[in-house]
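S.K.: Got a structure here, written out as structure tokens. Questions coming.
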Amino acid sequence: MAKGIWIFAEHRDGKIKKVTLELLSAGRKLATETGEEVSALLFGKGVSGLASTLAEYGADKVYLADDDMLAQYTTDAYSKALGDLIMEKEPSVLLLGCTVLGRDLAARVAQKVKTCLMSDCTGVELSGGQLVFVRPVYAGKAFVKAVCPELKPVMATVRPNVLTADEPRAGRGAEVVNVAVHLEKTDLRQVIKDVVMQISTRPELTEANIIVSGGRGMKGPENYKILEELADVLGAAVGASRAAVDSGWIPQSFQVGQTGKTVSPALYIACGISGSTMHLAGMSSSKCIVAINKDPEADIFKVADYGIVGDLFEVVPLLTEECKKLLA
Ligand code: FAD
């Protein structure tokens, strides 16, 4: 019988991603109710040092797949290694972050092991012995509760920032199980030649607690500096609508929305963004939405918790000054 709650551990630059810590805490709570074990899946090359963090955040066991062919993420390598492991160990649940990597990997693995995948979840709970997932539908206009009663493992990708990571328990240990990886060069159709990193002192968009986002109302790339100033005072990330990206004002990696990144920060400040369905699809699960728009009829005000009707070129600098005073 399938048993065990598995969390796929995402890491970058030698650090476990926040969404993994959130999932471990959620997995720990589920495990307390179901009496199962929580296992973290740690894939990569030279990453064994991260096992202790996973243990401190709730993993009982860490499956460590340390292999040259896993040094960089590729869909083929990771999905084969993870698919093989699932078929061997038969966990009951597998949770991944709803990140670029998590979405890519989860879809391929679910297909390989022939199970269902609840994608883009904003909540996970146990009800009547069954895992229930909350998912936005119609681009975030409604939410459904979905279950996967027949297939195992139950797989889901969960958005960053919708669950809360518990405090780590220093010194908590976990059993580390080395996983033999059976990968041939012929298994891989992608070869990573080069990785180009964008260096930023700001938080990563999908993990940020606060996002200051600008749309077509910014009127040009030079004006993003007023958003960056506010972002830096708040310790926030900067985001954008597709209109701003398509205008060439800001790179695509900053785009929030259906064809951009999905974010769920504690605070999303939308500046000069009208609130199209496509944009809302990526940010409507933000806990608090502040909209600054000169058009009182703009759709963004329908989802905003706080709305400021005004010219963003006046409002944003004033907001920055007030925040500076408050946070000084
Ligand atoms: P607009 O709709 O033009 O709104 C600009 C707003 O700025 C207006 O409300 C205006 O009142 C306000 N404004 C102007 N000047 C000021 C000022 N000085 N002060 C205050 N307010 C001001 N969009 C996304 O964002 N993300 C996606 O992932 C995405 N995916 C898409 C996928 C597909 C297949 C398609 C077809 C479209 C997609 N879009 C996406 C585009 C989407 O439909 C909208 O066109 C886009 O979101 C509009 O961006 P915007 O709100 O910045 O621009």
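Here UniProt numbering is used: position 139 in the sequence shown is 139, and no number is missing along the way.
Here a beta-carbon is modelled for each residue, glycine too, at the ideal position from N, C-alpha and C.
Determine the closest residue to A131 out of G140, Y138, C121, V137, with distance taken between C-alpha atoms.
M.R.: Before going further, note that residue 131 is Leu rather than Ala in the sequence given. Looking at the Cα atoms, C121 is the closest of the given residues.
S.K.: At a cut-off of 7 Å, is T262 close to the ligand FAD when judged by its beta-carbon and the heavy atoms of the ligand?
M.R.: Outside the cutoff, so no.
S.K.: Which complete alpha helix (DSSP H) runs does the region 205-246 hold, if anything under 4 residues is left out?
M.R.: Listed in chain order, they are 224-234, 242-246.
S.K.: Can you give the beta carbon distance from H11 to G46, rounded, assuming they're within the 8 Å contact cut?
M.R.: With a Cβ gap of about 11 Å, H11 and G46 do not count as contacting.
S.K.: So L230 and C323 are supposed to be a Cβ contact under 8 Å. How far apart are they, rounded?
M.R.: Going by Cβ atoms, the distance from L230 to C323 rounds to 7 Å, so yes, they are a contact pair.
S.K.: Per DSSP, what kind of secondary structure is P317 in: helix, strand or coil?
M.R.: Here P317 sits in helix by DSSP.
S.K.: Verify whether the separation of the beta carbon atoms of E56 and L163 is less than 8 Å.
M.R.: No, Cβ-Cβ distance for E56 and L163 is not below 8 Å.
S.K.: Go through its chain and collect everything with a Cβ distance to K302's Cβ below 8 Å, but skip five positions before and after it.
M.R.: Correct list, in chain order: G275.
S.K.: Taking the alpha carbon of E204 as the reference point, which residue from G239, Y224, N223 has its own alpha carbon closest?
M.R.: Of the listed residues, the one whose Cα sits closest to E204 is G239.
S.K.: When the Cα atoms are used, what is the spatial distance from S253 to R216?
M.R.: Taking the straight line joining both Cα atoms gives about 16 Å.
S.K.: What's the call for N178, buried or exposed, on a 16-neighbour Cβ count within 10 Å?
M.R.: By the neighbour-count rule (16 or more Cβ atoms within 10 Å), N178 is not buried but exposed.
S.K.: Alpha carbon to alpha carbon, what distance is there between T34 and G129?
M.R.: The alpha-carbon atoms of G129 and T34 are separated by roughly 8 Å.
S.K.: Near L188, what residues of its chain come up, given a Cβ to Cβ distance below 8 Å and the 5 sequence neighbours on each side ignored?
M.R.: Contacts found: M69, T74, D76, A77.
S.K.: How is the beta strand (DSSP E) around Y63 delimited, first residue to last?
M.R.: Where Y63 is concerned, the enclosing beta strand (DSSP E) stretches over 61-66.
S.K.: Spatial neighbours of G173 within its chain, please: C-beta separation below 6 Å, excluding the five flanking residues on both sides.
M.R.: A55, listed in sequence order.
S.K.: In terms of DSSP beta bridges, what is L95 paired with?
M.R.: In DSSP, L95 forms a bridge with I7, A156.
S.K.: When you compare the region 263-271 with the region 244-253, are there three or more beta-carbon pairs, one atom per stretch, that lie closer than 8 Å?
M.R.: No, the region 263-271 is not in contact with the region 244-253.
S.K.: State the DSSP-derived secondary structure class of A51, mapped to helix, strand or coil.
M.R.: DSSP places A51 in helix when its eight states are reduced to three.
S.K.: Helix, strand or coil: how does DSSP classify G27 here?
M.R.: G27 falls in the helix class under three-state DSSP.
S.K.: So, using beta-carbon positions, are I7 and T20 closer together than 8 Å?
M.R.: Yes. Within cutoff.
S.K.: Between I86, L85, L50, E125, which lies nearest to A31 when the distance is taken from Cα to Cα?
M.R.: Out of I86, L85, L50, E125, E125 has the C-alpha closest to the C-alpha of A31.
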